[in-house]
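A.B. asks: Quick note on this note's numbering: the sequence shown kicks off at 65 and runs consecutively.
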Amino acid sequence: MTDRFEGRIALLTGAASGMGRATSLHLAREGATVVGLDVNGEGLEETASLVAEAGGRFAGRLVDVRHRQECHDAVAATVAEHGRLDILGNIAGVARSHHFTDVTEAEYDLIMGVNIDGMFWLCQAAIPAIIESSGTIINIASNAGLMGQAYTVAYCASKGAVVNFTRALAMEYVKQNVRINAIAPGGVNTPMTTGFDLPEGIDYKLMTPYVGYRDMADPEHIANIFAFLASDEAANVHGAIWSADNGLVAG
Ligand SMILES: NC(=O)c1ccc[n+]([C@@H]2O[C@H](COP(=O)([O-])OP(=O)(O)OC[C@H]3O[C@@H](n4cnc5c(N)ncnc54)[C@H](O)[C@@H]3O)[C@@H](O)[C@H]2O)c1
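(1) Per DSSP, Trp306 is paired with what?
(2) Identify every run of the beta strand (DSSP E) within the segment 104–179, keeping only runs that are complete inside it and at least 3 residues long; order them along the chain.
(3) Using three-state DSSP, classify Val275 as helix, strand or coil.
(4) Confirm the yes/no value for this check: CB of Ser206, any heavy atom of ligand 1, distance under 7 Å.
(5) For Ala316, which residues of its own chain have a beta-carbon under 6 Å away from its beta-carbon, when the five flanking residues on both sides are left out?
(6) Could you tell me if the beta carbon of Pro255 falls within a distance shorter than 7 Å of some heavy atom in ligand 1?
(7) Return the residue from the list Gly224, Leu186, Ala80, Val178 that minimises the CA-CA distance to Ile305.
(8) Report whether the distance from the Cβ of Met271 to the nearest heavy atom of ligand 1 is below 7 Å.
(9) Straight-line CA distance for His162 to Leu126?
(10) Please classify Thr230: does DSSP put it in a helix, a strand, or coil?
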């Protein structure tokens with residue numbers, strides 16, 4: 065392990081589980097102080113123990129990213145406590161599968177609220193501090209933001225929004241010394257996929273393009289890419305949607 069992130073402050077959402085936890089551990093092992101946001105307090109405590117065991121620094125904060133004020137307060141508190149913010153990772157997400165006509169307003173609002181609204185408000189709150197530190201923003205999109213997937217129309221819509229939100233933000237700040245990118249994972253072994261329920265009566269043939277030909281990734285694979293993109297080694301990567309999907313969107 066290197067000390068690539070020594071002295072840097074990272075704010076990561078979804079830090080209680082899956083890729084958010086793996087990324088918290090990875091960045092902390094390389095020297096970052098990580099502030100982890102999530103709605104799952106127990107999960108945040110587990111992440112805090114894992115980071116502490118690895119000798120790193122992590123503080124959890126209960127935040128529901130769907131709410132603009134909570135996002136702005138979390139960024140303000142982080143900057144007030146640490147004096148800077150170098151890395152914002154928008155990792156929190158929810159996925160649900162439905163027949164299109166069965167999507168309720170509550171499910172739609174949840175998917176959009178967590179997957180795109182939260183990222184939007186956190187980026188808005190964080191961008192002045194990120195510019196100040198010549199820092200970086202990394203959003204987690206999905207192969208579902210780059211291809212159409214049956215039975216996950218709301219999720220695909222939210223991740224498509226993440227893709228073009230990332231590009232638009234990259235263009236607005238192209239003259240500032242910041243880097244803004246997204247990672248688009250394919251299937252990853254996390255609680256999101258192990259607990260994924262498909263509705264009754266679906267046509268499985270429509271699902272085959274999203275299964276692909278290789279195994280699913282582990283959250284650490286995505287954490288590795290996150291760390292690379294957050295590091296100075298990725299100095300000219302800006303406005304990219306970095307696929308990590310074992311070839312899913314190539315075919
Ligand atoms: N697992 C996959 O196959 C896969 C593939 C492509 C993209 N993704 C995306 O990767 C990201 C991470 O997913 P994961 O697989 O690690 O899932 P996960 O379920 O393990 O973790 C998601 C985290 O987001 C948190 N969260 C949910 N609602 C929240 C809210 N309102 N406010 C704050 N936090 C909230 C959850 O509590 C959880 O800790 C998500 O954006 C997901 O859409 C996942």
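Glycine included, every Cβ here is placed at the ideal spot set by N, Cα and C.
C.D. replies: Per the coordinate set shown:
(1) Paired residues: Ile247.
(2) Listed in chain order, the complete beta strand (DSSP E) runs (minimum 3 residues) inside the segment 104–179 are 121–126, 151–154.
(3) Here Val275 sits in coil by DSSP.
(4) Ligand 1 has a heavy atom closer than 7 Å to the beta-carbon of Ser206.
(5) Lying before the first or after the last residue shown, residue 316 is absent from the chain, which here runs from 65 to 315.
(6) Pro255: yes, Cβ under 7 Å from ligand 1.
(7) The shortest C-alpha separation from Ile305 is found at Gly224.
(8) Flag unset: Cβ of Met271 not near ligand 1.
(9) Cα-Cα distance, rounded: 29 Å.
(10) Judged by DSSP in its simplified three-state form, Thr230 adopts helix.
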